[in-house]
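Comments concern the structure below.
Residue numbers (our numbering): 2 to 238.
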């Protein structure tokens, strides 16, 4: 367990927050173009054409189980041993080739560390992908013992399970937490968990198109985000 800090140490959006729960892909690392890009390739391979805008709107943050069910319904194929295994392998290979952090991530984590505010990851990525990605960007030491995957709970996002689990691990009530998410499913899950402050981030390169970004901002707000930000630096002040 992590000791709960005194509240009121920070100003702005972080004011009064006792812990921060981060989604990972699209929030700490700019990895959505990799995972979504390989998902688009997988869809095309199985005869499911899909443009980027639809892919982002319908599948950003969606669990592999739900994607697999969608693919099976669309194709009528038995995808056992094919999805998500082949997709996951390709994503890992691309992560090994290079991965960048979201602008402001390191500075925000430094600020939280300096003020004794605990934080963790609550991600739909598998534990091996989280470990590889954190090692690749040199931040594995920060999240040792506080990198949580939906593989660790009964239900993935949009269920609230991972956020309840993360808050308990940090020894903080969900209502005193901030969640930073880029996905609709995660935002819905955070709201269902009773998280007090939900921040929607639209700074990932998968949302570079202005029209898509505007639509995603609206969708995040509708799903329960209290604040929409373009960069993590907006939380630093």
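Glycine residues also receive a C-beta, built at the ideal position from the N, C-alpha and C atoms.
For residue 86, the uninterrupted alpha helix (DSSP H) segment begins and ends at 86-98. Here residue 102 carries a strand assignment [DSSP, helix/strand/coil]. Apart from sequence neighbours up to five positions away, the residues of its chain that approach residue 88 with a beta-carbon distance below 7 Å are 39, 40 and 43, ordered along the chain.
Residue 51 sits in coil when the DSSP states are folded into three classes, being neither helix nor strand. Cβ-Cβ distances below 6 Å link residue 187 to 24, 62 and 158 in the same chain, with the five nearest sequence neighbours on each side left out; the list follows chain order. The C-beta distance from residue 22 to residue 121 rounds to 6 Å, short enough to fall under 8 Å.
Around the Cβ of residue 205, a 10 Å sphere holds 16 or more other Cβ atoms; the residue is buried. Three or more beta-carbon pairs separated by less than 8 Å are not found between the stretch 91-103 and the stretch 210-228, which leaves the two stretches without contact. With contacts defined as CB atoms closer than 7 Å, residue 126 and residue 92 fail to qualify as a contacting pair. Residue 185 carries a helical assignment under DSSP once its states are collapsed to helix, strand and coil. Rounded to the nearest whole angstrom, the C-alpha separation of residue 168 and residue 150 is 13 Å.
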